[in-house]
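Beneath this line is the structure, given in structure tokens, with notes to follow.
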Amino acid sequence: MNKTITVIKGDGIGPEIVTEAMKVLDRIAEKYGHTFTYQEILAGGCAIDVYGKSLPEESLQKCLDCDSVLLGAVGGPKWDGVEKSIRPEAALLGIRSAMGLYANLRPARLFPQLADASPLKPEIVARGIDLMMVRELIGGAYFGEHKTVTENGELVAHDDMTYAEHEIRRIARTAFETARKRGSRVISVDKANVLDSSRLWRKVVHQVAEEYPDVTCTDMLVDNTAMQLVKNPAQFDVVVTENLFGDILSDEASMITGSIGMMASASLGEGTRGMYEPIHGSAPDIAGQNLANPIGTILSAAMMLRYSFDMIKEADAIEAAVNTVLDKGYRTGDIMSEGMTQVTCSQMGDLIAAEL
Ligand code: NAD
């Protein structure tokens with residue numbers, strides 16, 4: 275297969291970690307007979323430096339004109355003072371909205387080799403953590419009307435939390451399709467005992483569930499989900515929820531696995547094209563020192579192969595290579611522990627590519 279990948283290395287550790295992911299993709303291309311053509315663009319702080327804005331039109335156009343986007347991270351203290359509309363993070367919102375990426379998929383998986391890094395009790399961790407958060411990304415309270423008005427002599431703030439049936443239906447389908455590729459269980463999270471938007475959410479999710487008789491569907495209230503994630507995370511396979519609940523729960527789910535440098539994510543819309551990125555930021559404190567953990571970005575590239583290019587055995591191969599390298603005791607500084615061998619960012623990329 276021939277695929278064109280738009281690459282945004284971004285700021286801070288972005289260039290270091292994306293370079294390692296490209297190294298792994300090149301090895302996959304060589305081994306399985308694919309061609310990956312990269313078009314590198316500037317977005318984020320580095321684009322502000324060159325163009326005076328974080329998302330130049332030609333960069334955005336290349337995101338729309340490719341098979342998928344691979345992103346490192348954007349931002350850093352250098353650009354903290356710039357005006358809100360051109361801030362580095364605005365580039366990501368601009369790309370997500372222009373590409374219509376309404377579904378955010380974040381796997382939260384505990385690597386048994388790194389079990390000590392989890393803040394949960396060993397007996398809970400021993401049951402395993404391997405779940406997929408499917409978060410609605412462009413609706414709900416973050417995209418409703420926001421206003422602060424004076425009522426009866428005091429300020430009153432309003433944030434509208436709105437969902438239309440079609441917005442719920444499409445993210446529910448993403449969740450059920452994802453579950454079919456995993457453990458065939460969906461837990462739909464809402465606050466249907468209080469919120470109208472949640473009652474509609476539940477109704478539409480149940481309608482979609484009827485199209486997927488092979489996948490089980492259970493409702494769970496968001497407050498209970500927050501508790502269950504730390505009490506018994508092994509019960510979850512696919513969790514689907516709206517934007518605000520998903521923002522909070524996906525961070526909680528990542529945290530219980532212990533290492534931010536290991537976590538991948540995908541943002542998807544209609545069709546197969548998506549944007550793939552690690553969940554962490556640009557880590558300015560370690561940038562330029564070859565210390566970063568590239569595994570979150572490498573696993574994001576594996577998600578790109580699985581979800582956008584339907585290259586299942588290639589994605590499996592990358593995940594297996596990561597596991598083998600961890601089994602052999604190689605660790606970057608953030609996941610280092612006694613008795614293991616510490617390696618740099620580029621050495622970690624070399625080791626994973628070599629396992630392939
Ligand atoms: P961060 O995720 O960049 O860093 C938090 C801590 O985790 C730091 O100590 C960092 O060194 C460490 N860390 C993160 N990724 C690592 C990796 N791959 N390997 C080893 N250690 C790693 O969060 P922050 O410090 O709050 O944010 C830094 C900048 O990144 C800010 O400008 C923020 O706005 C931006 N940011 C960007 C994105 C994105 O591009 N999607 C996401 C979050 C934050």
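Be aware that the sequence shown starts at 275, since it is given in the numbering used here, and climbs by one per residue.
All C-beta atoms, glycine included, are put in the ideal place defined by N, C-alpha and C.
Neighbourhood of residue i by C-beta, 7 Å cutoff - its chain only, sequence neighbours within 5 removed
i, result
"Tyr437", "Gly413, Gly414, Ser471, Leu474, Trp475, Glu516"
"Ser524", "Arg380, Met407, Arg409"
"Ser392", "Leu384, Val399, Ile530, Thr531, Gly532"
"Leu411", "Arg370, Leu375, Tyr376, Ala377, Asn378, Asn517, Ser541"
"Tyr416", "Asn517, Leu518"
"Arg301", "Ala627, Leu630"
"Lys421", "His432"
"Val292", "Val281, Lys283, Leu344, Gly346, Thr571"
Alpha carbon of residue i to alpha carbon of residue j, nearest angstrom
i, j, result
"Leu600", "Gln387", "7 Å"
"Gly374", "Ile445", "12 Å"
"Tyr312", "Ala589", "18 Å"
"Leu579", "Val298", "12 Å"
"Thr280", "Ser371", "16 Å"
"Thr598", "Ala591", "10 Å"
"Tyr376", "Phe519", "15 Å"
"Arg456", "Ser582", "16 Å"
"Pro552", "Ala431", "34 Å"
"Glu485", "Thr492", "15 Å"
"Lys283", "Lys352", "17 Å"
"Asp464", "Ala576", "30 Å"
"Gly623", "Leu495", "41 Å"
"Ala595", "Asn276", "23 Å"
"Cys340", "His308", "16 Å"
"Gly613", "Gly607", "13 Å"
"Leu394", "Ile534", "15 Å"
"Asp433", "Ser539", "27 Å"
"Met536", "Gly548", "20 Å"
"Leu625", "Asn567", "13 Å"
"Lys358", "Ala365", "11 Å"
Beta-carbon proximity list for residue i, same chain, < 8 Å, skipping 5 on both sides
i, result
"Tyr325", "Leu316"
"Val489", "Phe450, Ala453, Arg454, Ser458, Arg459, Val460, Ala483"
"Lys587", "Tyr306"
"Leu405", "Pro381, Ala382, Arg383, Pro507, Phe510, Asp511, Val512, Val513, Ala527"
"Ile360", "Ile322, Gly326, Lys327, Ser328"
"Pro289", "Lys283, Gly346"
"Leu503", "Phe510, Leu523, Glu526, Ala527, Ile530"
"Glu332", "Ile315"
"Glu593", "Leu573, Ala576"
Identity of the residues DSSP links to residue i by a beta bridge
i, result
"Leu429", "Thr424"
"Phe310", "Lys277"
"Gln616", "Arg605"
"Leu495", "Asp464"
"Tyr550", "Leu344, Ala540"
"Glu410", "Ala377"
"Thr515", "Arg409, Val463"
"Gly284", "Ala347"
"Ala382", "Leu405"
"Ile315", "Ile282"
"Thr490", "Arg459"
Classification of residue i by the beta-carbon crowding that lies within 10 angstroms, buried from 16 upward
i, result
"Val514", "buried"
"His554", "buried"
"Val468", "exposed"
"Lys336", "buried"
"Gly427", "exposed"
"Gly562", "exposed"
"Gly355", "exposed"
"Lys327", "buried"
"Arg401", "exposed"
"Glu544", "exposed"
"Thr499", "buried"
"Ser611", "exposed"
"Pro362", "buried"
"Val343", "buried"
"Glu397", "exposed"
"Leu573", "buried"
"Thr668", "Lying outside 275 to 630, the shown extent of the chain, residue 668 is not represented and no answer is given."
"Met585", "buried"
Spatial neighbours of residue i in its chain, beta-carbon cut-off 6 Å, leaving aside the 5 residues before and after
i, result
"Val617", "Tyr604"
"Gly350", "Asp285, Gly286, Gly319, Ser556, Pro558"
"Gly368", "Leu329"
"Thr546", "Ser582"
"Met435", "Gly414, Ala415, Gly418, Ser471"
"Glu425", "none"
"Glu439", "Val478"
"Ile442", "Trp475, Val478"
"Ala295", "Thr571, Ile572, Ala575"
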